[in-house]
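**Student:** I have a structure here, written as structure tokens, and I will follow up with some questions on it.
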Amino acid sequence: GESAVVEVPAEGRFILQLEPRLEAVPVRVTAVPESTIHAVFEDHPDLFIGTTDAKGMLDSGPRFVPGFYRFVARHPAYEEQVSELVELPTDHTVTLGQRVRPTRIQVLSTPSGATVRIAGEVVGQTPLENLARPLETPIEVLIEKEGFAPYRVKVDPSPGQLRLVEGPLEPIQVEVAFQITTTDAVPVPAWEAVQVFLNAEPVSVAEGRLELPLGQHQVLFQHPDFAALQREITISAEAATGPIVIHLEPLPAGIVPILPFGTMARFRVDGIPVELDTTGTLLIEPGKPVAVEAIVENYYSVTQQFEEKQLARVEWTVPLKPLPGPEPGHAYTPPYFDLPMAWIEPGRFTMGSPVTEYRRLPNEDNRTVVRFKQGFWMGTKEVSQALWLRIMGNNPSPAGGPDHPVVAISWTEAKAFCERLNRFEADAGRLPDGYAYRLPTEAEWEYAARAGSSTPFTFGATASPTRGNFSGVYDPSQNGLEAVPDPSGTLPCGSFPPNAWGLYDVHGNVAEWTLDLYWDRLPGGAVSDPVNLARGRGHPIRGGGWSSPAHRCRSSARDSLLPDSSRNWVGLRVVLGPALSIAD
156 GESAVVEVPA EGRFILQLEP RLEAVPVRVT AVPESTIHAV FEDHPDLFIG
206 TTDAKGMLDS GPRFVPGFYR FVARHPAYEE QVSELVELPT DHTVTLGQRV
256 RPTRIQVLST PSGATVRIAG EVVGQTPLEN LARPLETPIE VLIEKEGFAP
306 YRVKVDPSPG QLRLVEGPLE PIQVEVAFQI TTTDAVPVPA WEAVQVFLNA
356 EPVSVAEGRL ELPLGQHQVL FQHPDFAALQ REITISAEAA TGPIVIHLEP
406 LPAGIVPILP FGTMARFRVD GIPVELDTTG TLLIEPGKPV AVEAIVENYY
456 SVTQQFEEKQ LARVEWTVPL KPLPGPEPGH AYTPPYFDLP MAWIEPGRFT
506 MGSPVTEYRR LPNEDNRTVV RFKQGFWMGT KEVSQALWLR IMGNNPSPAG
556 GPDHPVVAIS WTEAKAFCER LNRFEADAGR LPDGYAYRLP TEAEWEYAAR
606 AGSSTPFTFG ATASPTRGNF SGVYDPSQNG LEAVPDPSGT LPCGSFPPNA
656 WGLYDVHGNV AEWTLDLYWD RLPGGAVSDP VNLARGRGHP IRGGGWSSPA
706 HRCRSSARDS LLPDSSRNWV GLRVVLGPAL SIAD
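Using the working numbering, read the sequence shown as starting at 156 and increasing by one per residue.
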């Protein structure tokens with residue numbers, strides 16, 4: 156610059172005008188064609204210089220005074236580029252290398268949730284927004300979703316621009332063939348009468364063919380004569396190899412059993428137990444012959460054949476025939492109870508033992524000729540633990556199994572057992588007039604045990620544990636001195652051969668309660684149907700038990716216990732004989 160001497164007026168104010176003397180310099184800028192170029196000088200706002208031409212050149216002309224500048228190139232398709240600090244006039248040419256702005260891509264699909272691939276690379280799922288990709292050439296965008304045809308589109312480079320890709324995905328449809336089957340006895344319904352619902356929406360099925368999208372589907376088939384059938388069907392891209400079989404079960408026919416009021420029954424159809432439905436109907440397969448069986452307590456079971464159409468309802472008056480009671484002269488087993496009984500013909504025998512019988516006791520004196528005017532039935536076996544449990548609801552036996560005789564029962568409990576059995580059979584109307592289930596009298600017991608024999612045992616004059624469950628042997632010639640192992644408990648009922656009248660275990664296993672009151676001597680003489688219900692102490696037990704010595708198991712051997720006593724070697728045998736009454 157230059158200096159000058161200035162005279163200041165007295166009022167102290169004057170105007171100084173300085174004339175700048177600048178040497179302006181031009182600048183040449185190289186950048187992307189059509190970029191706007193700006194200059195920034197220190198903290199001053201940037202100055203628009205101009206726009207590069209088609210070759211990317213811009214000459215500013217002499218307009219820059221010496222100093223430090225930054226030059227900025229701006230273009231909508233390229234990122235803004237700022238130069239390093241440029242000192243003018245030292246540098247007159249500025250080159251700005253701009254980077255292309257990325258293309259922004261937004262990808263949508265219907266339905267959404269589809270996988271998006273760009274140039275083969277998975278980049279996310281729809282909806283996908285503002286995905287920036289530096290593009291120089293067109294690229295492929297692929298939209299994929301299971302069950303839908305893929306959607307492909309080419310995207311051209313649009314630096315700095317937003318390109319929207321919308322993929323309307325079309326579901327892949329596979330034609331599926333269905334075939335209806337039903338039971339052999341029922342005609343297959345026409346497709347026109349079948350309602351089909353695909354994923355709860357009604358659809359039309361022409362001749363059993365339906366187009367289904369890929370994936371899993373719930374298909375419901377309905378017909379008024381058949382049970383509704385819902386199937387889950389998975390459709391894949393592979394073509395179906397054959398029709399899908401839809402088996403429709405015909406709605407059943409119904410049998411309505413008619414029974415007397417209060418009668419309880421069980422039913423079987425072709426041997427299989429079936430319950431009545433809530434309307435009291437037995438449902439059966441239509442169009443097919445079936446055997447329906449009614450099982451009614453205390454009556455013969457009844458079976459009848461039915462062959463009915465779909466939805467038919469037929470009333471069936473069940474013909475009931477009561478189960479018969481016992482007939483004199485024939486063996487009998489009460490229905491529902493494992494209690495086989497032998498018929499004992501009326502007759503006569505001599506009760507007690509002769510004075511010559513080895514190891515007899517005085518209570519067997521006064522041999523008595525007994526005559527029975529009426530026959531009776533006697534249990535072929537002692538009452539088992541299983542039968543006692545069924546009738547009494549408990550099992551007092553300390554050992555053994557269901558097929559062993561029940562033991563450890565008192566006379567009172569044995570009498571109660573007979574009374575329960577008696578009530579059941581009386582209610583069923585199966586008791587002969589004047590007969591009842593009860594304990595045998597002493598005379599009945601010995602008469603049946605002997606079975607026409609007069610020897611100490613029904614099977615002869617000697618005894619060993621090979622013939623019954625008792626202790627030791629009975630052999631007068633050896634004075635009973637032969638040593639044998641002692642038994643350790645009861646054996647299953649009927650473990651040894653029966654006597655001549657079909658009765659098992661009359662010697663040993665368990666002693667058996669009788670009905671009478673116990674008296675020390677037999678009545679003597681000749682009597683008919685004897686029973687002591689008037690006087691005595693306790694009640695006789697007969698036959699001996701598993702722990703008894705052999706001589707106490709003879710046909711005439713007598714012993715007694717008080718009515719409330721119980722032993723693990725005492726049980727019972729039941730008779731069905733002329734009704735007798737005795738107080739507990």
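For every residue, glycine included, the Cβ atom is placed at its ideal position computed from N, Cα and C. Computed from a predicted structure; not experimentally measured.
Under a three-way DSSP split, which group does LYS570 fall into?
**Tutor:** helix
**Student:** Exposed or buried, which one is MET496 when buried takes at least 16 other CB atoms within 10 Å?
**Tutor:** Around the CB of MET496, 16 or more other CB atoms lie within 10 Å, so the residue is classed as buried.
**Student:** Report yes if the CB atom of PRO314 is closer than 8 Å to the CB atom of TYR233, and no otherwise.
**Tutor:** Yes. Within cutoff.
**Student:** Please go through the same chain and pick out, in chain order, the residues whose beta-carbon is closer than 8 Å to the beta-carbon of GLY205, but skip the five residues on each side of it.
**Tutor:** THR191, ILE192, LEU213 and SER215
**Student:** Tell me which residues share the same chain as PRO326 and place their Cβ nearer than 7 Å to its Cβ, disregarding the 5 neighbours each side in the sequence.
**Tutor:** GLY302, PHE303 and PRO368
**Student:** Let me make sure I understand the geometry here. Which of ASP380, ALA382 and PRO357 has the alpha-carbon closest to that of GLN373?
**Tutor:** PRO357
**Student:** So, using beta-carbon positions, are VAL473 and PRO412 closer together than 8 Å?
**Tutor:** yes
**Student:** Looking at the structure shown, is PRO517 part of a helix, part of a strand, or coil, going by DSSP?
**Tutor:** helix
**Student:** Taking C-alpha atoms, which residue in VAL360, GLU404 and LEU353 lies nearest to ILE388?
**Tutor:** LEU353
**Student:** DSSP state of TYR673, grouped into three classes?
**Tutor:** coil
**Student:** Compare the beta carbon distance of THR669 and PRO595 with 8 Å and say whether it is the shorter of the two.
**Tutor:** yes
**Student:** What span of residues does the beta strand (DSSP E) with TRP346 cover, start to end?
**Tutor:** Premise fails: TRP346 is in no beta strand (DSSP E) and is neither H nor E.
**Student:** Alpha carbons only, please: which of SER721, THR185, ARG218 and ASP582 is nearest the one belonging to TYR454?
**Tutor:** ASP582
**Student:** Per DSSP, which residues does LEU283 bridge with? Please list them.
**Tutor:** VAL262
**Student:** Taking contact to mean at least 3 C-beta pairs separated by less than 8 Å, is the region 711-719 in contact with the region 504-522?
**Tutor:** When C-beta atoms of the region 711-719 are compared with those of the region 504-522, three or more pairs fall below 8 Å, so the two segments count as touching.
**Student:** Within 10 angstroms of its Cβ, does THR458 collect 16 or more other Cβ (buried), or is it exposed?
**Tutor:** By the beta-carbon neighbour count (other beta carbons within 10 angstroms, threshold 16), THR458 is exposed.
**Student:** Assuming TRP701 contacts ASN577 (C-beta within less than 8 Å), just tell me the rounded distance between them.
**Tutor:** Contact flag wrong, Cβ pair sits at about 29 Å.
**Student:** What separation, rounded to the nearest whole angstrom, lies between the Cα atoms of LEU290 and ALA228?
**Tutor:** 21 Å
**Student:** Starting from ARG605, trace the alpha helix (DSSP H) both ways and give me its first and last residue.
**Tutor:** 597-605
**Student:** Among VAL296, LEU286, PRO642 and SER721, which residue has its Cα nearest to the Cα of ILE142?
**Tutor:** In this structure the chain extends from 156 to 739, so residue 142 is not present and cannot be described.
**Student:** With distances taken from CA atoms, which of THR337, GLY275 and VAL271 is nearest GLU284?
**Tutor:** VAL271
**Student:** Can you tell which of ALA340, ALA345 and LEU324 has its C-alpha closest to the C-alpha of PHE333?
**Tutor:** ALA345
**Student:** Could you say which of ARG514, GLN253, LEU286 and GLY252 lies nearest to ARG259 if we only look at CA atoms?
**Tutor:** LEU286
**Student:** In or out: PHE381 buried (at least 16 other Cβ within 10 Å) or exposed?
**Tutor:** Under this definition PHE381 is a buried residue.
**Student:** How long is the line joining the alpha carbons of ARG254 and ILE390, rounded to whole angstroms?
**Tutor:** 50 Å
**Student:** So, at 8 Å on beta carbons, what are the nonlocal neighbours of PRO188 in its own chain, with the 5 sequence-adjacent residues on each side left out?
**Tutor:** Within the same chain, Cβ atoms closer than 8 Å to the Cβ of PRO188 are found at THR207, ASP208, ALA209, LYS210 and GLY211, the five residues on either side in sequence being excluded.
**Student:** Grab me the residues of LEU365's own chain with a C-beta within less than 6 Å of its C-beta, minus the 5 sequence neighbours each way, in chain order.
**Tutor:** Within the same chain, LEU365 has close Cβ partners VAL331.
**Student:** Can LEU658 and ALA616 be called in contact, C-beta distance under 8 Å?
**Tutor:** Using a Cβ distance threshold of 8 Å, LEU658 and ALA616 do not count as a contacting pair.
**Student:** In this structure, what does DSSP give as the bridge partners for ASP714?
**Tutor:** ILE696
**Student:** Return the first residue and the last residue of the alpha helix (DSSP H) that LEU384 is part of.
**Tutor:** First-last for LEU384: 381-390, but that is the beta strand (DSSP E), not the alpha helix (DSSP H).
**Student:** May I have a chain-ordered list of the beta strand (DSSP E) segments no shorter than 3 residues that lie completely inside the region 421-508?
**Tutor:** Counting only runs of 3+ residues, the beta strand (DSSP E) found wholly inside the region 421-508 occupies 427-429, 437-439, 445-451, 457-461, 468-472, 496-499 and 503-506, in chain order.
**Student:** Using a threshold of 8 Å, state whether the C-beta atoms of PHE219 and VAL249 are closer than that.
**Tutor:** no
**Student:** Answer yes if the region 723-738 comes into contact with the region 585-594, meaning at least three C-beta pairs across the two stretches below 8 Å, and no otherwise.
**Tutor:** yes
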